[in-house]
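J.:
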Amino acid sequence: MRMQRDVLEKSLGYTFTDAAWLEQALTHPSVDQKRSTNIAYERLEYLGDAVLELVVSRELFTRFPKADEGQLTKMRAAVVSRQHLAGLCRSLGWGDQLAMSPQLEKSGGRNTPSVLANTFETVIGAVMMDSGYPAARKVSLALLSDSLDRVESLTAVNYKGALLETLQAINNCGPEYAVEAVGEDAGMGPFRATVTWCGILLGAAEGPSKHKAEMAAAKDAMQHRRWEK
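Here is the structure:
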């Protein structure tokens, strides 16, 4: 493995009793040509995926007692999404020590979102097999602590993206934003943003930052759909 075991365990916040589980978790299927030997991480990926789903589901259920099934499902999907888990795995450096075939490495496999997300799941699966569910839950919650704290922002609607997609379906003319400070300190805000499209004022709103003002203006545009009038 590329990274020393103690370095990975420090980033994980867990020490393995049986290092074989960690080694399997860090072995990509491209290394296991026979596939019948089960030395690669596929089985642990299956297990880790299930553990993360359960851990996150229970945590969200407890944190948001008034959220309905749809809201809880949306929040869970954001936390355990491939893109999100890949980002976490990349920041932890686990992909750098993954054993993989030379061909996959040459093609950029170490930075592929699917490979990174799978690696995150397999490490959790390895902890599960090494010490059981309580340990896997503890590790998962520690690694996902920040994500769970800001889960509502992870699931927030991207109104700017939604507006752009909606308008480009009509023609190639995209929305244009204009932002100006409305507070006494021009650099500190608050800010007022307007969004226009093909000469039509679609929305206007204020926000504490330029980005949030633009997002609020896009939300105003999506809610009132002035391009249809």
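Counting the sequence shown from 1 gives a position; my numbering is that position plus 47. Cβ atoms here follow ideal geometry from the backbone N, Cα and C, with glycine treated the same way.
1) What's the call for residue 49, buried or exposed, on a 16-neighbour Cβ count within 10 Å?
2) Can you find the residues in the same chain that come closer than 6 Å, C-beta to C-beta, to residue 95, ignoring five residues on each side of it along the sequence?
3) Based on Cα-Cα distance, which residue from 226, 100 and 131 lies nearest to residue 120?
4) Give the C-beta separation of residue 58 and residue 140 to the nearest angstrom, bearing in mind that I take them to be a contact with Cβ-Cβ under 8 Å.
5) Check residue 171 in the structure and name its three-state DSSP category.
6) Between the beta-carbon of residue 251 and the beta-carbon of residue 260, is there less than 7 Å?
7) If you follow the beta strand (DSSP E) that residue 224 is in, where does it begin and where does it stop?
8) Could you check where the alpha helix (DSSP H) with residue 184 kicks off and where it finishes?
9) Measuring only the C-alpha atoms, how far is residue 176 from residue 185?
10) Between residue 66 and residue 230, what straight-line distance do the alpha-carbon atoms span, to the nearest angstrom?
11) With a threshold of 16 other CB atoms inside 10 Å of the CB of residue 165, please say whether the residue is buried or exposed.
12) CA-CA distance, residue 130 and residue 197?
13) Assign residue 225 to one of two classes, buried (16 or more other C-beta atoms within 10 Å of its C-beta) or exposed (fewer than that).
T.: The answer reads as follows:
1) For the purposes of this step, residue 49 is identified with residue 2 of the sequence shown, where counting begins at 1. In this predicted model, residue 49 has a pLDDT of only 49, less than 50, meaning its place in the structure is not dependable; the value taken from the coordinates is given anyway. When all chains shown are included, residue 49 counts as exposed.
2) Taking the first residue of the sequence shown as 1, we reach residue 95 at position 48. Correct list, in chain order: 168, 169, 171 and 172.
3) Looking up residue 120 in the sequence shown gives position 73. Out of 226, 100 and 131, 100 has the C-alpha closest to the C-alpha of residue 120.
4) Translated into the one-based positions of the sequence shown, residue 58 becomes position 11. Translated into the one-based positions of the sequence shown, residue 140 becomes position 93. Between residue 140 and residue 58 the Cβ distance is about 7 Å, and since that is below 8 Å, they are a contact.
5) Working through the sequence shown from its first residue, we reach residue 171 at position 124. In the structure shown, residue 171 sits in a helix (DSSP, three-state: H, G or I).
6) Here residue 251 refers to the residue found at position 204 when the sequence shown is read from its first residue. Here residue 260 refers to the residue found at position 213 when the sequence shown is read from its first residue. Contact: no.
7) Within the sequence shown, residue 224 is the residue found at index 177, counting from 1. That run of the beta strand (DSSP E) goes 223–228.
8) Counting from 1 along the sequence shown, the entry for residue 184 is found at position 137. Element bounds for residue 184: 180–190.
9) Taking the first residue of the sequence shown as position 1, residue 176 is located at position 129. Taking the first residue of the sequence shown as position 1, residue 185 is located at position 138. Using only the alpha carbons, I get a separation of about 14 Å.
10) Position 19 of the sequence shown, counting from 1, holds the residue named residue 66. Position 183 of the sequence shown, counting from 1, holds the residue named residue 230. Between residue 66 and residue 230, the alpha-carbon positions lie close to 58 Å from each other.
11) In the sequence shown, the residue the question calls residue 165 occupies position 118. Taking all protein chains in view, the Cβ of residue 165 is crowded by 16 or more other Cβ atoms within 10 Å, so the residue is classified as buried.
12) Your numbering for residue 130 matches position 83 in the sequence shown. Your numbering for residue 197 matches position 150 in the sequence shown. Their backbone Cα atoms lie some 16 Å apart in a straight line.
13) Position 178 of the sequence shown holds residue 225. So residue 225 ends up on the exposed side.
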